[in-house]
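The structure appears right after this line, and notes come after that.
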Amino acid sequence: MLDAVRVMQESAACAAALSLPHWVYAYTWVRPRAFASFSGVDLDRQSPAVAAKQLCTLAVGLKIVQALFFLRWWLVVVYGAESEADGDVLNAFRVAASKPLLQMALAAVLVFVGNSLNFAVYDSLGMVGVYYGDRFGANVPWVTGWPFNFMPHPQYVGASCNVLGATVALYPTEGERGHQAAAYMVGMAIYWVMLYVATTVWEDQARGYPIKSETPAANGNGATAADQVVK
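Okay, so the sequence shown: first residue is 1 according to the UniProt record's numbering, each after it adds one.
Next up, the structure:
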């Protein structure tokens, strides 16, 4: 069984990786021109869509980093605690695939709901709307249709559903050791969901945060897509 120090080290590394996108989004909201400059985009000469595309590319990369760190953490901490087989990748996924049908069905439903919301948000706002185009100076219209007319921050809800779906799919169910592994799994899932909750609170508090003179002018209607959703 893993010692407490190893569990803390692996969990801290995973927690840091999971938080990375949220720090990037917060920084970009406050300093859009600084992010654009860092990305090699001159907003005085290039379209805001170019900066939004750069943020989109970075976001995809950070999602991959999140997934890799989470899977490593699950493999070492959760699966290792459940089976004492630290590092056995193939056997770990064999165990995950052998979970009860009801458990996997619930996981599939959560992931389906989460991705449906994410796709609906992207379809409504487009790449520029989702990835802070308004903060970079694009004229992004306010969206009132689905899914924004059904719930606030639907992409956060969708992302949280995906997290819960992964948690259910990989949730340990066997043996006494599984109880400790389950505690680790639940703890990390709560932390991950709370990152989205925290970013939602930040987004609500920062709504209308002035774009300073160093940045391009925002659209004139005072309502932006980024007010509605953050990745």
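Using N, Cα and C, we set each Cβ at its ideal position, and we do this for glycine too.
Hey, would you say residue i sits closer than 7 Å to residue j, going by beta carbons?
i    : j    : result
N162 : G114 : yes
A34  : F136 : no
V130 : Y122 : yes
Y171 : M185 : yes
L117 : G158 : yes
Y132 : T28  : yes
V128 : A49  : yes
Q66  : L18  : yes
V109 : V7   : no
W73  : E10  : yes
Does the beta-carbon of residue i have 16 or more other beta-carbons within 10 angstroms, so that it is buried, or is it exposed?
i    : result
A226 : Legend: pLDDT at A226 = 42, less than 50; position of this residue unreliable, value from coordinates given subsequently. A226 is buried by the Cβ-count criterion.
V60  : exposed
F38  : exposed
A138 : buried
L68  : exposed
H153 : buried
D3   : exposed
A181 : buried
A12  : exposed
A36  : buried
G80  : buried
V140 : buried
P210 : Low confidence applies here, because P210 scores a pLDDT of 46, under 50, leaving its location unreliable; read the following figure in that light. Classification for P210: exposed.
V41  : buried
By alpha-carbon positions, which one of the options ends up nearest to residue i?
i    : options               : result
M104 : Q205, A182, V168, M8  : V168
L102 : A181, G165, E203      : G165
K63  : P21, G80, L71         : P21
Y196 : A183, A181, S160, A26 : S160
T200 : L71, M151, V95, T173  : M151
C14  : P32, L71, K99         : L71
P32  : T173, L55, V95        : L55
A97  : V24, T173, T57        : T173
L58  : E203, W23, D134       : W23
L43  : E203, A183, D134      : D134
- Item | Touching by the beta-carbon criterion (3+ pairs, under 8 Å), the stretch 137-148 and the stretch 184-191 | no
- Length-filtered (3 minimum) beta strand (DSSP E) runs lying within the stretch 109-159: none
- Task: Let me know the alpha helix (DSSP H) ranges lying completely inside the stretch 19-60, each 4 residues or longer, listed in chain order.
- Result: 32-38
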